[in-house]
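Scroll down for the structure; my scribbles are underneath it.
Listed below in structure tokens is the structure:
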């Protein structure tokens, strides 16, 4: 098994993050620093940042975990933050190794999936897959049809040198709207609103593919139901065993 897949499978980090860690020399197999493309055998001992994390054969013992978390504002999805903010993994405090599937920025709230399944993370983060994520957004000015149409038809973001994909946008009240994205550019909604002369006051994610926030209190989490997992994996086109 490739080392990056092993690290993702046992819940250390995503494959993308694993590749960065390997390149930085933070991962060892049998006491030796390895390079990208390294593989892990059943009896190989793997260490991450100087800490033993398991053997190759341990992957077979990992119980799949996928949870839905209603992230409060103020938490970060990374382990390092200049402001010293708590990250979501520490906040939840599970004994098992899990990591966020994608991100919600510090000032945003709402639905965040966390898992120890690398295949789920890889599929959801792959931009080409067009998976839907729905948000409720409150801005500092009244919105009109021109704003809705501009947001829906895509906006060129000069700082990212790209135009956003067309998306579904619906006005909910004078300064609140819902938006369904199929891509995940850095601070995308905030940048789109700024390009329209608006400033986001509140941003809350309420859905990821078929998983909804319905009824989950802020700061709480729950395991996905078997039916939710089955439908999610079908939508993502991956096998249920990850």
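Numbering (my numbering), first residue to last: 1104 to 1345.
Quick reminder that beta carbons are idealized off the backbone N, C-alpha and C, glycines included.
Query	Result
Which term fits residue 1069, buried or exposed, when burial requires 16 or more other beta carbons within 10 angstroms of its beta carbon?	This structure does not reach residue 1069, given that the chain is present from 1104 up to 1345, and the question cannot be answered.
What are the start and end residues of the beta strand (DSSP E) that includes residue 1166?	No beta strand (DSSP E) contains residue 1166, which DSSP labels as neither H nor E.
What is the DSSP secondary structure of residue 1112, counted as helix, strand or coil?	helix
Mind checking residue 1345: buried by the 16 CB within 10 Å criterion, or exposed?	Unreliable placement is indicated for residue 1345, whose pLDDT of 47 sits below 50; the coordinate value is still reported in the next sentence. Counting Cβ neighbours within 10 Å, residue 1345 comes out buried, since at least 16 surround it.
Please determine, among 1106, 1278, 1173 and 1300, the residue with the shortest C-alpha to C-alpha distance to residue 1130.	1106
Which word fits residue 1174, buried or exposed, when buried means at least 16 other C-beta atoms lie within 10 angstroms of its C-beta?	buried
When burial is assigned at 16 or more other CB atoms within 10 Å of the CB, is residue 1213 buried or exposed?	buried
Are residue 1147 and residue 1132 close, meaning C-beta to C-beta below 7 Å?	yes
From the DSSP output, which residues share a beta bridge with residue 1240?	1280 and 1306
For residue 1311, list the residues DSSP reports as bridge partners.	1236 and 1314
Name the two residues that bound the continuous beta strand (DSSP E) containing residue 1179.	Looking at the DSSP string, residue 1179 is not in any beta strand (DSSP E), and its letter there is neither H nor E.
Check this for me: beta carbons of residue 1245 and residue 1277, under 7 Å apart or not?	yes
Residue 1328 to residue 1166, Cα distance in whole Å?	15 Å
Can you have a look at residue 1225 and say buried or exposed, based on whether 16 or more other CB atoms are within 10 angstroms of its CB?	buried
Under a Cβ-count criterion, where at least 16 other Cβ atoms within 10 Å of its own Cβ denotes burial, should residue 1256 be classed as buried or exposed?	exposed
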